[in-house]
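Below is one structure, written out as structure tokens; the observations come after it.
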Amino acid sequence: CINGRCAIPQGGACIPGDTCADGFACLNGKCGTGEWYTNWSYCVMDCPSSDGPCCGGNAQSYDHLYPSAEACCGQSAFQGNPSGCTTVSLQCPDGDIDDQINVKVE
């Protein structure tokens, strides 16, 4: 703790302005990495899926992490519609929505 303020561990509840441990960010009311990865339909955040609608589960070792939804959607898998991917990713949808964004997977 610094000045009576303790850092919140990963997965801990937070509000904007709170300090999360280990450089994590306060997102969706939980401390997490703030990084994004693709689920091949759109991009999701690297955090347990139970932590909020944008969370896609903890990323696996083979998942490439991006610093934002925009960067994730800018990758080659979404060449056909990166702006559509970004829009859908930031809306934090549930379920399979491939038809809504017409993503090209190469």
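According to the working numbering, the sequence shown holds residues 75 to 180 in order. We treat Cβ as the ideally placed atom computed from N, Cα and C, and that holds for glycine.
Rounded C-alpha distance that separates residue i from residue j
{"i": "residue 223", "j": "residue 118", "result": "In the structure displayed, the chain extends from 75 to 180; residue 223 sits before or after that span and is not available."}
{"i": "residue 158", "j": "residue 139", "result": "19 Å"}
{"i": "residue 146", "j": "residue 85", "result": "22 Å"}
{"i": "residue 97", "j": "residue 131", "result": "19 Å"}
{"i": "residue 160", "j": "residue 116", "result": "8 Å"}
{"i": "residue 127", "j": "residue 154", "result": "25 Å"}
{"i": "residue 122", "j": "residue 107", "result": "11 Å"}
{"i": "residue 156", "j": "residue 103", "result": "27 Å"}
{"i": "residue 87", "j": "residue 135", "result": "25 Å"}
{"i": "residue 149", "j": "residue 114", "result": "11 Å"}
{"i": "residue 89", "j": "residue 105", "result": "9 Å"}
{"i": "residue 151", "j": "residue 162", "result": "15 Å"}
Assumed close pair residue i, residue j - CB separation to whole angstroms, cut-off 8 Å
{"i": "residue 164", "j": "residue 143", "result": "5 Å"}
Whether residue i touches residue j by CB criterion (8 Å)
{"i": "residue 100", "j": "residue 81", "result": "no"}
{"i": "residue 137", "j": "residue 111", "result": "yes"}
{"i": "residue 141", "j": "residue 109", "result": "yes"}
Residues that residue i bridges to, as DSSP identifies them
{"i": "residue 101", "result": "104"}
{"i": "residue 131", "result": "121"}
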